[in-house]
Amino acid sequence: MSNGEHRASDASEWPGLMHGMLDGTLDDAARARFAAEVAADPARATDFARMAMLHDAIEREMTAGAVGRSTARRTRWMLSVQRAAAAVAIAAAVGVLAFVGLRGSDANAAHAELARIASMSPAGQRTYVIHALRDDGRPRGREQRRAEPPSPRGAARAQPSIDEATLVVGTGGAYVLTRTGEDGRRTVSGSDGRLSWNVPERGAVRVSRDLQRFRGALPGEQHDLPFVDPKDGLDALMRSYDVVLGPAREIDGHAVRSIVATRRADVQRGPKGVELWYDPETAVIRRMELDRLPQAQGGPRAVVLELLDESPLDPRQFMHESHHDADRVVITED
Amino acid sequence: MIPMDDLTRQAFADWTQAQPVVSAYVHAIVFDRAERDDVLQDVALAVLESYPEYDRSRPFLAWAMGIARHAIGDSLRRRRRRPVSIAPEAAEALAGAFAEVGQQERAALAHLADCVAKLEGRAREACDLRYRLDLKPARIAELMGLQPNTASKLLQRVREELRACIEGRVRAEGNA
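If you read the protein sequences in the order shown, they are chains A and B.
Following the numbering used here, the numbering of the first sequence begins with 54 at its first residue and continues without gaps.
Following the numbering used here, the numbering of the second sequence begins with 5 at its first residue and continues without gaps.
Spelled out as structure tokens, the structure:
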């Protein structure tokens with residue numbers, strides 16, 4: 054490495070070697086050149102160490118979900134720039150849709166659409182109503198629910214059904230799920246992105262720092278296909294499902310596009326089919342169908358989530374204090 | 005003689021500080037995310053088991069990196085994975101470099117979340133595909149309609165932009 058000409062050549066090659074090493078794209082010869090560089094030149098080794106730490110930290114940042122400090126900060130930041138981001142997002146959407154339109158309804162276009170949906174953060178909060186469907190695709194309704202035997206888990210004291218529940222979805226993993234049992238008792242569970250909580254009609258309010266703690270009732274949650282933040286479930290969709298672009302149509306006067314996902318034969322968990330109907334400009338999901346859900350833990354065969362309302366974000370709504378009287382006993386679990 | 009409980013507590017405290025740096029080192033050597041996590045688990049055990057022999061007058065991170073350098077090979081062999089991807093002298097040089105800059109970088113990376121939040125458009129999309137979905141540049145290129153080399157360059161640019169953003173914030177913090 055003492056040859057000056059060699060060093061000059063290395064200088065232009067070095068960034069490619071360094072980033073190629075991080076992305077795992079170097080062939081054996083290039084990897085040997087990388088190794089020779091870092092072994093001979095401490096500055097190169099330091100340069101790589103710094104970039105590798107960034108590489109590792111980005112992955113942790115991007116996969117941290119709605120947990121923790123950084124995401125909370127990002128959420129706050131997102132709120133402050135939503136208007137500007139919306140303009141950029143719409144421009145990007147138009148570009149991607151042109152791209153998708155040119156390429157047709159193939160799997161790559163569907164994957165690209167899913168990635169785009171994941172990269173966009175709809176402003177405000179959305180309220181969905183959840184319907185459990187019968188085998189013939191019609192809503193089950195209370196009468197059928199009453200006629201059904203209790204689920205295998207919890208026969209003694211059945212959990213409130215997901216049918217006719219409402220789900221309010223905010224940003225940064227914030228949500229509120231409201232279910233009403235057959236006895237008319239209401240159970241509200243949710244998260245503000247920092248704490249998760251459960252507020253039964255009677256008894257203690259429970260609060261936890263574990264954001265997964267009370268998510269079990271959410272559609273898809275038991276099948277690794279959560280819905281609170283559509284981004285959460287996109288990994289599973291891309292890994293375990295064959296996805297294609299479906300038809301476009303109108304829902305409540307809004308033009309929507311669809312993505313149809315079918316579980317791959319070698320995958321055991323999750324609904325057999327998923328359909329997403331989304332607004333191509335805002336990436337807001339207006340309807341989601343989870344079909345042929347596994348029945349091992351009881352519950353409906355299929356559920357549909359329909360968008361009822363979009364409104365400006367109200368962070369207080371996602372705090373447990375907004376859902377119970379001030380004198381209720383609150384147990385912090387951790 | 006320090007009682008065992010205190011020693012264990014101290015070992016965990018030291019490891020918690022060092023873990024992000026060691027994780028980055030392991031990640032750089034083994035490439036694959038799942039493999040990194042498996043190997044890191046073995047490295048953590050090796051570090052904690054060797055902790056009673058740690059000379060506390062020396063920097064913990066440098067000592068842990070030395071343990072990690074040897075433990076990576078053992079872990080890969082035990083798990084019957086492919087061998088370490090770079091020559092031993094390069095791995096040693098890198099271990100030294102990570103130990104040297106690790107803690108300073110770790111502090112600077114506190115600004116990463118804000119810088120990631122500033123990514124937009126194709127940079128954001130590429131970053132999402134690479135890091136959240138763990139896709140390789142060739143697959144990212146397919147999804148984004150790019151040549152593989154262009155996707156690699158885009159990822160390189162994303163990391164360089166993030167690096168510049170972090171350094172800018174560190175400088176601004178220093179001037180404040």
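Ideal Cβ placement from N, Cα and C applies to all residues, glycine included.
Owing to the predicted nature of the structure, the values given are computational and were not obtained by experimental measurement.
Of the choices the options, whose alpha-carbon is the least far from that of residue i?
i: D100 of chain A; options: A:P324, A:D367 and A:A64; result: A:A64
i: E386 of chain A; options: A:E328, A:L264, A:R339 and A:P213; result: A:L264
i: G106 of chain B; options: A:A98, A:R169 and A:R316; result: A:A98
i: L346 of chain A; options: A:R316, A:A308, A:L230 and A:G223; result: A:R316
i: G223 of chain A; options: A:E66, A:M372 and A:H377; result: A:M372
i: T12 of chain B; options: B:Y55, B:V30 and B:G70; result: B:Y55
i: P353 of chain A; options: A:L79, A:A92, A:P213 and A:Y181; result: A:P213
i: A72 of chain B; options: B:I33, B:R136 and B:A145; result: B:I33
i: G100 of chain B; options: B:G70, B:L158 and B:F35; result: B:G70
i: L435 of chain A; options: A:A218, A:Y294 and A:D305; result: Residue 435 of chain A lies beyond the stretch modelled for chain A, which goes from 54 to 387, so this question has no answer here.
i: R37 of chain B; options: B:A176, B:C169, B:L137 and B:T154; result: B:L137
i: I111 of chain A; options: B:D59, B:E177 and B:A112; result: B:A112
Let me confirm a value: residue i is counted as buried when at least 16 other C-beta atoms fall within 10 Å, else exposed. Which label applies?
i: V92 of chain B; result: According to the sequence shown, residue 92 of chain B is Pro rather than Val. Under this definition P92 of chain B is an exposed residue.
i: T124 of chain A; result: In this predicted model, T124 of chain A has a pLDDT of only 37, less than 50, meaning its place in the structure is not dependable; the value taken from the coordinates is given anyway. That one is buried.
i: P333 of chain A; result: buried
i: R238 of chain A; result: exposed
i: N179 of chain B; result: exposed
i: S156 of chain B; result: buried
i: Q178 of chain A; result: buried
i: G269 of chain A; result: exposed
i: T20 of chain B; result: exposed
i: A138 of chain A; result: A caution first: A138 of chain A carries a pLDDT of 39, below 50, which makes its placement in the model too unreliable to give a value.
i: G243 of chain A; result: buried
i: P365 of chain A; result: exposed
i: P95 of chain A; result: exposed
i: E109 of chain B; result: buried
i: A22 of chain B; result: buried
i: S61 of chain B; result: exposed
i: I384 of chain A; result: exposed
i: R292 of chain A; result: exposed
i: A105 of chain A; result: buried
Below 7 Å CB to CB, which residues in the same chain sit around residue i once its five sequence neighbours on both sides are set aside?
i: A75 of chain B; result: D46, V47 and A50
i: R381 of chain A; result: V258
i: T335 of chain A; result: P175
i: L65 of chain B; result: A22, V25, A103, G106 and Q107
What does residue i reach in chain B if we use C-beta pairs closer than 9 Å?
i: P95 of chain A; result: A97, G100, A101 and E104
i: T78 of chain A; result: K140, P141, A142, P152 and S156
i: M74 of chain A; result: A32, F35, S89 and I90
At 8 Å on the CB atoms, spell out the chain B contacts of residue i, in chain order.
i: A336 of chain A; result: Those do not exist, as A336 of chain A stays about 12 Å from chain B at its closest Cβ, beyond 8 Å.
i: V296 of chain A; result: Near V296 of chain A there are no residues of chain B at all, since even the closest Cβ is about 12 Å away, more than 8 Å.
i: D11 of chain A; result: Here chain A has residues from 54 to 387 only, and residue 11 of chain A is not among them.
i: F101 of chain A; result: A32, L98 and A101
i: M104 of chain A; result: R163 and R167
Might you give, ordered along the chain, the residues of its own chain that have their beta carbon closer than 8 Å to the beta carbon of residue i, omitting 5 neighbours on each side?
i: R161 of chain B; result: A127
i: R369 of chain A; result: S375
i: V120 of chain B; result: C131 and L166
i: R143 of chain B; result: L133
i: E254 of chain A; result: R238, R239 and T240
i: H307 of chain A; result: D332 and R339
Take residue i and list the residues in its own chain whose beta-carbon comes closer than 6 Å to its own, dropping the five residues that flank it on each side.
i: L52 of chain B; result: A15
i: S27 of chain B; result: L44
i: L98 of chain B; result: none
i: R266 of chain A; result: S249
i: F87 of chain A; result: L70 and M74
i: M341 of chain A; result: L329 and L358
i: G172 of chain B; result: none
i: A355 of chain A; result: L186 and D344
i: A314 of chain A; result: L290, Y294, V296 and V327
Quick one: list the residues of chain A neighbouring residue i, beta-carbon separation under 9 Å, in chain order.
i: D59 of chain B; result: The contacting residues do not exist; D59 of chain B stays about 23 Å from chain A at best.
i: A111 of chain B; result: Residues of chain A passing the Cβ test: none, with the nearest at roughly 11 Å.
i: A38 of chain B; result: Under the 9 Å cutoff, chain A gives no residues; its nearest Cβ is about 12 Å from A38 of chain B.
i: A28 of chain B; result: A102, A105, M106, L107, H108, D109 and A110
Run through chain A and tell me which residues come within less than 8 Å of residue i, C-beta to C-beta.
i: D132 of chain B; result: M115, A168, A171 and S172
i: R175 of chain B; result: Within 8 Å Cβ-Cβ: nothing; R175 of chain B doesn't reach chain A, min ~15 Å.
i: R128 of chain B; result: S172
i: V25 of chain B; result: M106
Given 7 Å as the limit, tell me if residue i has its C-beta closer than that to any heavy atom belonging to the ligand PLP.
i: A176 of chain B; result: Absence of the ligand PLP from the depicted structure is noted, as is the absence of any ligand whatsoever, leaving it without description.
In chain B, what lies closer than 7 Å to residue i by C-beta?
i: V91 of chain A; result: A94, A97 and L98
i: M291 of chain A; result: L137
i: P68 of chain A; result: Q160
i: A218 of chain A; result: Simply none; closest approach about 29 Å.
Show which residues of chain A have a CB atom less than 7 Å away from the CB atom of residue i.
i: L147 of chain B; result: N161, H164, A165 and A168
>> Can you pull out the residues from the stretch 46-75 of chain B whose beta carbon lies closer than 8 Å to at least one beta carbon of chain A?
In response: Correct list: empty, as no residue qualifies.
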